[in-house]
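To convert, note that position 74 of the sequence shown is 74 in full-length UniProt numbering; the numbers rise steadily by one, no gaps. Using N, Cα and C, we set each Cβ at its ideal position, and we do this for glycine too.
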Amino acid sequence: EEGERKQKEKKEAEEKKKQATEQAKQQELNQKRDNFITEITTALNQEPKLTDNELSSQYQNWPQQINGLTDIQQITNLQARLLADIQARRQDKKSAQEVKEDLKKAQTGTKEEKEQA
């Protein structure tokens, strides 16, 4: 009887410890997700701004992807790939804007601007 009670108490203590560990892991995961979302949103809002639809097709639904991940390493990997994609898309967008500006200068600019274009 005494042995059973102690065993039961030990089991309950282990269960509580397991729950606390699981809770801490979940909190860390949620924190990582929040940081990720903030960082990606900030990156998208830098000039020139990008929308989710301007990202590569596999990343356009990144908010759903992030919420589906349950491992910190997976989140970190997705974050790195997404930031690289944002950088590449922004570079494409900047290049396109520069071409438009140069074209506009060539069509409507002063003699000096036309020569620069």
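For residue i, three-class secondary structure by DSSP
i	result
aspartate 71	coil
lysine 8	helix
threonine 51	coil
glutamine 31	helix
glycine 109	coil
glutamine 19	helix
glutamine 91	helix
serine 56	coil
asparagine 61	coil
residue 162	Beyond the ends of the chain as shown, which are 1 and 117, falls residue 162; an answer cannot be given.
Euclidean distance between Cα positions of residue i and residue j
i	j	result
glutamine 26	aspartate 102	51 angstroms
glycine 68	asparagine 35	15 angstroms
tryptophan 62	glycine 3	53 angstroms
lysine 32	lysine 111	54 angstroms
arginine 90	glycine 109	26 angstroms
glutamate 98	threonine 21	53 angstroms
lysine 8	glutamate 14	10 angstroms
threonine 51	lysine 100	20 angstroms
isoleucine 72	threonine 42	20 angstroms
isoleucine 37	alanine 106	41 angstroms
serine 57	lysine 6	57 angstroms
alanine 96	glutamine 23	48 angstroms
Proximity below 8 angstroms, CB of residue i to CB of residue j
i	j	result
lysine 94	proline 48	yes
leucine 78	glutamine 65	yes
leucine 29	threonine 76	no
residue 120	aspartate 92	This structure leaves residue 120 out entirely; the chain is present only between 1 and 117.
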